[in-house]
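K.L.:
First, the structure itself, so that you have it in front of you.
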């Protein structure tokens, strides 16, 4: 049974130039995710799907497999991440002659995800008869606080929201954090989806859930890594 970790890393990035290989605390951003997967005993192969020769070179140096360069039609702003995954699975099987059992999508923009967390998510998936698993974190944007502008008036986004609850009385809500997605190879290819009706959440804490999209996220991740490495007593 082959568990294939796929790290999609497109060369173009509008929010932050060369984001996937930008040095984060002295190491290319994508290297954190590659090393996370490489150190897992539950991941059999770590594959990077990219259209960039530069990303491919950095990825190989970090220990990932890059057996092909992603075609242009799967590297545009409108390309589907599902199509990228299916292409990677089929190309891997074609190149190696091996059949994939499970697919683990790891975004390179989640550098603070740990190998222990990845292992726990995979174990959760296997313990629940390969029901898809996705990572989540508590959401700070509770529907109670969301507003929209109607005409020139600010109104609740959800008209059914209770406007009289105290913060501590609000129900906890969660959001996808983009760090870990796990599904079976057959489900992915048959449905063109990672999950449909049934999906199990793997809850991660706020710091590990950072998803780098812009300069602010990048600087935040760097500050967290610095604090983790120095053991700042203010946060112990």
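Residue numbers (my numbering): 255 to 490. We put the beta carbon where it would ideally sit given N, CA and C, even for glycine. Just so it is clear, the structure is predicted and the values come from calculations on it, not from any experiment.
Okay, do the region 442–456 and the region 259–275 touch, 3+ Cβ pairs below 8 Å being the bar?
P.N.:
The answer is no - the region 259–275 does not touch the region 442–456, with fewer than three Cβ pairs under 8 Å.
K.L.:
What do you reckon, are the CB atoms on residue 378 and residue 456 nearer than 9 Å?
P.N.:
The residue given as residue 378 occupies position 124 in the chain shown. The residue given as residue 456 occupies position 202 in the chain shown. In this structure, residue 456 lies closer than 9 Å to residue 378 by Cβ.
K.L.:
Please determine, among 320, 336, 367 and 396, the residue with the shortest C-alpha to C-alpha distance to residue 346.
P.N.:
In the chain shown, counting from the first residue as 1, residue 346 sits at position 92. The option with the nearest alpha carbon to residue 346 is 320.
K.L.:
Can you tell me which of the three DSSP states residue 409 falls into?
P.N.:
The residue given as residue 409 occupies position 155 in the chain shown. Residue state, collapsed to three classes: strand.
K.L.:
Quick one, which of 396, 439, 408 and 290 has its alpha-carbon nearest residue 424's?
P.N.:
Taking the first residue of the chain shown as position 1, residue 424 is located at position 170. Ranking 396, 439, 408 and 290 by Cα distance to residue 424 puts 396 first.
K.L.:
How is residue 278 classed by DSSP in three states: helix, strand or coil?
P.N.:
Translated into positions along the chain shown, residue 278 becomes position 24. Residue state, collapsed to three classes: strand.
K.L.:
Can you tell me which residues form a DSSP beta bridge with residue 299?
P.N.:
Position 45 of the chain shown holds residue 299. In DSSP, residue 299 forms a bridge with 258.
K.L.:
Return the bridge partner residues of residue 455 from the DSSP annotation.
P.N.:
Indexing the chain shown from 1 puts residue 455 at position 201. DSSP, once it has assigned bridges, lists 388 as partnering residue 455.
K.L.:
In this structure, does DSSP put residue 490 in helix, strand or coil?
P.N.:
Your numbering for residue 490 matches position 236 in the chain shown. For residue 490, the predicted structure reports a pLDDT of 42, less than 50, and the residue's modelled location is therefore unreliable. The matter cannot be settled from this model.
K.L.:
Got a sec, what are the start and stop residues for the beta strand (DSSP E) residue 435 sits in?
P.N.:
Indexing the chain shown from 1 puts residue 435 at position 181. That run of the beta strand (DSSP E) goes 428–438.
K.L.:
According to DSSP, is residue 448 helix, strand or coil?
P.N.:
Reading the chain shown from its first residue, position 194 is the one you call residue 448. Note: residue 448 maps to coil in three-state DSSP.
K.L.:
Let me know the secondary structure DSSP gives residue 404 once reduced to three states.
P.N.:
Indexing the chain shown from 1 puts residue 404 at position 150. If DSSP states are grouped into helix, strand and coil, residue 404 belongs with the strands.
K.L.:
Name the DSSP bridge partner or partners of residue 356?
P.N.:
Your numbering for residue 356 matches position 102 in the chain shown. Paired residues: 257 and 438.
K.L.:
Can you tell me whether DSSP reads residue 347 as helix, strand or coil?
P.N.:
As a first step, residue 347 must be located in the chain shown, where it is residue number 93. Helix, per DSSP.
K.L.:
Assign residue 305 to buried or exposed, taking buried as 16 or more other Cβ atoms, counted over all protein chains shown, within 10 Å of its Cβ.
P.N.:
As a working mapping, residue 305 is identified with position 51 in the chain shown. When all chains shown are included, residue 305 counts as buried.
K.L.:
Pull up the DSSP beta-bridge partners for residue 319, would you.
P.N.:
The count along the chain shown starts at 1 and reaches residue 319 at position 65. Looking at the DSSP assignment, residue 319 forms a beta bridge with 301.
K.L.:
Just to confirm the assignment, what range does the alpha helix (DSSP H) spanning residue 288 have?
P.N.:
Residue 288 sits at position 34 when you count from the first residue of the chain shown. Run containing residue 288: 283–292, per the alpha helix (DSSP H) assignment.
K.L.:
Would you please state the rounded distance, in angstroms, between the beta carbons of residue 318 and residue 261? I believe it to be under 8 Å.
P.N.:
For the purposes of this step, residue 318 is taken as residue 64 along the chain shown, with counting starting at 1. For the purposes of this step, residue 261 is taken as residue 7 along the chain shown, with counting starting at 1. The pair is a contact, with the Cβ atoms about 7 Å apart (cut-off 8 Å).
K.L.:
How far does the alpha helix (DSSP H) with residue 377 in it reach, from first residue to last?
P.N.:
Translated into positions along the chain shown, residue 377 becomes position 123. Looking at the DSSP string, the run of the alpha helix (DSSP H) that includes residue 377 is 369–381.
K.L.:
What does the Cβ neighbour count give for residue 372, buried or exposed, with the cut at 16 atoms within 10 Å?
P.N.:
Residue numbering aside, residue 372 sits at position 118 when the chain shown is read from its first letter. Per the 10 Å Cβ criterion, buried.
K.L.:
Among 473, 360 and 480, whose alpha-carbon lies nearest the alpha-carbon of residue 430?
P.N.:
The residue given as residue 430 occupies position 176 in the chain shown. Among 473, 360 and 480, the Cα nearest to that of residue 430 belongs to 360.
K.L.:
Residue 426 to residue 392, Cα distance in whole Å?
P.N.:
By 1-based counting over the chain shown, the position of residue 426 is 172. By 1-based counting over the chain shown, the position of residue 392 is 138. Rounded to whole angstroms, residue 426 to residue 392 spans 7 Å at the Cα level.
K.L.:
Leaving out five residues before and five after residue 469 in sequence, what residues of the same chain have Cβ atoms less than 7 Å from its Cβ?
P.N.:
To locate residue 469, count along the chain shown from 1; it is residue 215. Once the five neighbours on either side are set aside, the close Cβ partners of residue 469 are 270.
K.L.:
If I measure Cβ to Cβ from residue 490 and keep anything under 8 Å in the same chain, skipping five residues before and after, which residues do I get?
P.N.:
Counting from one through the chain shown, the residue named residue 490 turns up at place 236. Because the pLDDT of residue 490 is 42, which lies under 50, any placement of that residue in the model is unreliable, and the question is left without a value.
K.L.:
Whole angstroms are fine: how far does the CA of residue 376 sit from the CA of residue 464?
P.N.:
Counting from one through the chain shown, the residue named residue 464 turns up at place 210. Counting from one through the chain shown, the residue named residue 376 turns up at place 122. In a straight line, the C-alpha of residue 464 is about 20 Å away from that of residue 376.
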